[in-house]
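In our numbering, the protein residues as written are 818 to 1005.
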């Protein structure tokens, strides 16, 4: 076989690159929709509407209302010279707002959220729920709950829509008193 000169190899290689590049460009251009082709601009298929009988609506506190309730609870605690944390959760147990008062203990943050979650989950003050532990001690084993006084549910038309939890005062009764002050602030 005859060896090609450097010049012949460069020219042959360049011609091969042009042929491959042109073929690739043609394949891409052929696959791309033309501007006149409007089929690519069609919107996706419409999603069918769910019938009203298959859904239900729930009420939720606004962030402003949750903040107002938390601030009222924190103010009540401050007036009583107590250092607490206040948490407000929505009906699903998601934290909406948490206010940690000056000097509140490190344990109070999580405890306030757990008390709020427990109150909204059972639609009852956590002091009432703590009393139920005597009949059903396994309640305390439910993850994410805290059966200590200091949580109060927020209701609309008898249904729970939020929970307010307070932690950090020397007694659960004080914590719950402050949580109730937060609930009362929503009635105004």
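All C-beta atoms in this analysis are idealised placements derived from N, C-alpha and C, irrespective of residue type, glycine included.
As the structure is a computational prediction, the values presented were derived from the model and not from experiment.
Uninterrupted beta strand (DSSP E) stretches at least 3 residues long and entirely within the region 951-993 occur at 968-973, 976-984, given in chain order.
Residue burial is scored here from C-beta neighbours: residue 880 has fewer than 16 other C-beta atoms within 10 angstroms and is therefore classed as exposed. Every beta strand (DSSP E) stretch that sits fully inside the region 891-930 and reaches 3 residues is listed by chain position as 902-907, 912-917. Residue 874 carries a coil assignment under DSSP once its states are collapsed to helix, strand and coil. Residue 867 carries a coil assignment under DSSP once its states are collapsed to helix, strand and coil. With contacts defined as CB atoms closer than 7 Å, residue 902 and residue 926 qualify as a contacting pair. Sequence-distant Cβ neighbours of residue 914 in its own chain, meaning closer than 6 Å and more than five residues away, are 883, 884, 887, 905. The beta-carbon separation of residue 938 and residue 910, rounded to 7 Å, stays under the 8 Å limit for a contact. The beta carbon of residue 946 sits closer than 7 Å to those of 935, 939, 964, all from its chain and outside the five residues before and after it, given in chain order.
The DSSP-derived three-state label of residue 882 is helix. Distance between residue 895 and residue 974, taken at the CA atoms: about 31 Å. Distances from the alpha-carbon of residue 957 to those of 931, 1000, 977 put 931 closest. With at least 16 other beta carbons inside 10 angstroms of its own, residue 995 counts as buried.
Taken through DSSP and simplified to helix, strand or coil, residue 941 comes out as coil. Under the three-state reduction of DSSP output, residue 932 falls in the helix class.
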